[in-house]
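Below is one structure, written out as C-alpha cells; the observations come after it.
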C-alpha cells in the first residue's frame with residue numbers, strides 16, 4: 409500500500425471530544441496477548457512470525473476490524489511507518505525507527521473508524537489497543553475487551569490458571585493490560601509542583617513517560633500516565649484506579665492554574681500571547697518549539713484567555729507538524745532546515761484558517777491590561 413493509504417488512518421483521537429479534552433488529549437488501553445503453541449518474541453523461530461501474522465490476518469476478518477486498514481509493516485515504505493508512529497498507532501520498534509527494518513511478520517490492523525486496532529509481533533504476538541479522545545478510560549476498556557473476546561474465539565491465547573495471560577515482559581503478566589492517558593500539565597510545571605505529583609503517582613502504582621511512551625522525552629508539558637503492573641488485579645480494578653488518580657491530577661492542575669492567575673496574571677497572559685504570536689507569525693520552527701508554544705496556547709484556550717481556537721486544531725498541529733507528515737504534504741524528503749520552514753508555514757496556515765484569535769479577544773485583553 410502506498411503512503412496515500414495513510415491519509416485518514418487513526419486520527420479520530422484528535423477530535424477534541426470526551427471529558428476534560430482540553431487537559432487530557434487521549435486515552436489508550438492495550439492488552440498484551442500471545443498465542444499457545446508459538447514461541448514468544450525472544451525465542452521465535454524462523455518463519456514463525458509470518459505464521460502468526462497469517463493467523464491474525466484471518467482472525468480479524470471475524471471481528472470489528474473487518475473492512476478496516478491492514479499493513480504488513482516489513483513491506484510498508486518507511487514514510488508510511490513513520491506516519492503511523494507519529495499518530496501513536498505503532499511503537500518505535502515496530503516502525504523500524506531504531507536503524508533497523510521492522511521484523512518479518514510485523515503488522516497493524518485497524519477498524520474502519522481507526523480507534524481500535526491490533527499490533528502484531530511487537531514485544532508480544534498481539535497488542536490489542538484502543539485510543540480515544542479525552543478522558544474515556546471505561547469506554548476504551550469496554551471496546552478493547554470486546555475485541556479481546558472476538559479474537560479469543562478465533563485464536564488460542566496463552567493463559568495460566570494461576571498467573572493469568574502470559575506475556576514476554578513479567579510486568580505485563582496477569583491481565584496484560586496497560587492503560588494510559590496523555591495529559592497536559594503546564595500549571596503544575598510552572599508552579600514547580602510537578603515533581604511532587606509525579607512522585608505521588610509512583611507511590612500508588614502508576615508511572616509516567618514522555619509524549620511517545622517509554623524512552624521518549626517529556627516535551628511541551630505533556631505526560632503519559634499509566635499503570636505499572638497488571639498481576640493480582642482485575643482489568644476493572646486497574647482502570648478504576650487510574651481513573652481515580654488521574655481525576656486527582658486534573659484537580660491539582662486546575663488548582664495550580666488558579667494560583668498562577670491569582671499570583672502572576674500578567675506574566676501568564678504575556679507567556680500565552682507570546683506563544684500565540686510566535687506560532688502565528690514565525691518563519692522557522694523546530695518540533696520542540698512548536699510543542700512548547702502549543703503548550704502555552706493550549707493553556708490560554710483552556711483558561712478562556714484566547715478565543716476562536718478549538719481543541720481539535722491544537723491536537724492536529726501536534727501531529728501534522730511532525731516531520732513525516734510534513735514530508736507527506738511536500739511530496740518529498742525534507743532536510744532539517746527545510747522541515748522547520750515547512751512546519752512554521754503549516755502552523756501559520758492552520759491558525760489563519762481554523763483558529764485565528766478574533767480581534768474582539770485582542771481588544772478585550774488590551775482593556776484588561778489598561779483598566
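Residue numbers (the working numbering): 409 to 779.
Don't be surprised by glycine CBs; every beta carbon is placed ideally from N, CA and C.
Close-in-space but distant-in-sequence residues of the same chain around residue i (CB under 7 Å, 5 per side omitted)
{"i": "residue 662", "result": "none"}
{"i": "residue 748", "result": "692, 693 and 694"}
{"i": "residue 441", "result": "532, 533, 534, 536, 565, 573 and 584"}
{"i": "residue 732", "result": "487, 490, 491 and 494"}
{"i": "residue 476", "result": "517, 518, 519 and 520"}
{"i": "residue 719", "result": "424, 429 and 430"}
{"i": "residue 606", "result": "616"}
{"i": "residue 595", "result": "661, 664, 665 and 668"}
{"i": "residue 729", "result": "695, 698, 751, 754 and 755"}
Euclidean distance between Cα positions of residue i and residue j
{"i": "residue 464", "j": "residue 503", "result": "19 Å"}
{"i": "residue 457", "j": "residue 510", "result": "12 Å"}
{"i": "residue 593", "j": "residue 538", "result": "23 Å"}
{"i": "residue 500", "j": "residue 429", "result": "26 Å"}
{"i": "residue 616", "j": "residue 591", "result": "10 Å"}
{"i": "residue 699", "j": "residue 561", "result": "43 Å"}
{"i": "residue 697", "j": "residue 761", "result": "21 Å"}
{"i": "residue 727", "j": "residue 670", "result": "33 Å"}
{"i": "residue 568", "j": "residue 582", "result": "9 Å"}
{"i": "residue 676", "j": "residue 571", "result": "51 Å"}
{"i": "residue 724", "j": "residue 416", "result": "12 Å"}
{"i": "residue 601", "j": "residue 717", "result": "28 Å"}
{"i": "residue 433", "j": "residue 707", "result": "13 Å"}
{"i": "residue 513", "j": "residue 482", "result": "7 Å"}
{"i": "residue 644", "j": "residue 580", "result": "15 Å"}
{"i": "residue 613", "j": "residue 638", "result": "10 Å"}
{"i": "residue 611", "j": "residue 746", "result": "44 Å"}
{"i": "residue 681", "j": "residue 759", "result": "14 Å"}
{"i": "residue 625", "j": "residue 631", "result": "9 Å"}
{"i": "residue 530", "j": "residue 461", "result": "11 Å"}
{"i": "residue 618", "j": "residue 505", "result": "17 Å"}
{"i": "residue 508", "j": "residue 577", "result": "22 Å"}
{"i": "residue 528", "j": "residue 629", "result": "31 Å"}
{"i": "residue 744", "j": "residue 557", "result": "45 Å"}
{"i": "residue 422", "j": "residue 414", "result": "15 Å"}
{"i": "residue 459", "j": "residue 620", "result": "29 Å"}
{"i": "residue 540", "j": "residue 589", "result": "10 Å"}
{"i": "residue 409", "j": "residue 757", "result": "Low confidence applies to residue 409: its pLDDT is 36, below 50, so where it sits in the model is not reliable enough to give any reading."}
Local Cβ density within 10 Å of residue i, reported as buried at 16 or more and exposed below that
{"i": "residue 673", "result": "exposed"}
{"i": "residue 519", "result": "buried"}
{"i": "residue 467", "result": "buried"}
{"i": "residue 604", "result": "exposed"}
{"i": "residue 451", "result": "exposed"}
{"i": "residue 418", "result": "buried"}
{"i": "residue 778", "result": "Any answer about residue 778 is weak, because its pLDDT of 40 lies below 50 and its placement is not dependable; what the coordinates show is given next. It is exposed - the Cβ of residue 778 has fewer than 16 other Cβ atoms within 10 Å."}
{"i": "residue 642", "result": "exposed"}
{"i": "residue 597", "result": "buried"}
{"i": "residue 455", "result": "exposed"}
{"i": "residue 471", "result": "buried"}
{"i": "residue 523", "result": "buried"}
{"i": "residue 478", "result": "buried"}
{"i": "residue 655", "result": "exposed"}
Cut-off 8 Å between Cβ atoms - residues of its own chain near residue i, not counting five sequence neighbours on either side
{"i": "residue 750", "result": "734, 737, 738 and 742"}
{"i": "residue 453", "result": "447"}
{"i": "residue 526", "result": "464, 468, 473, 516, 517, 534, 535, 536, 537, 555 and 559"}
{"i": "residue 609", "result": "615, 616, 633, 653 and 657"}
{"i": "residue 587", "result": "435, 436, 437, 438, 545, 548, 549, 634, 635, 646, 647 and 650"}
{"i": "residue 640", "result": "582"}
Identity of the residues DSSP links to residue i by a beta bridge
{"i": "residue 630", "result": "592"}
{"i": "residue 568", "result": "572"}
{"i": "residue 616", "result": "633"}
{"i": "residue 435", "result": "540 and 589"}
{"i": "residue 443", "result": "565"}
{"i": "residue 480", "result": "515"}
{"i": "residue 668", "result": "Its beta-bridge partners do not exist; DSSP assigns none."}
{"i": "residue 552", "result": "Bridge partners of residue 552: none, in fact."}
{"i": "residue 524", "result": "538"}
{"i": "residue 427", "result": "543"}
{"i": "residue 610", "result": "According to DSSP, which records beta bridges pairwise, residue 610 is partnered with nothing at all."}
{"i": "residue 582", "result": "573"}
For residue j and residue i, believed in contact at Cβ under 8 Å, the rounded distance
{"i": "residue 575", "j": "residue 668", "result": "So it is not a contact: roughly 42 Å between Cβ atoms."}
{"i": "residue 683", "j": "residue 704", "result": "3 Å"}
{"i": "residue 709", "j": "residue 722", "result": "7 Å"}
Close-in-space but distant-in-sequence residues of the same chain around residue i (CB under 6 Å, 5 per side omitted)
{"i": "residue 544", "result": "426 and 435"}
{"i": "residue 686", "result": "701"}
{"i": "residue 444", "result": "564 and 566"}
{"i": "residue 552", "result": "437, 439, 536 and 538"}
{"i": "residue 497", "result": "418"}
{"i": "residue 679", "result": "704"}
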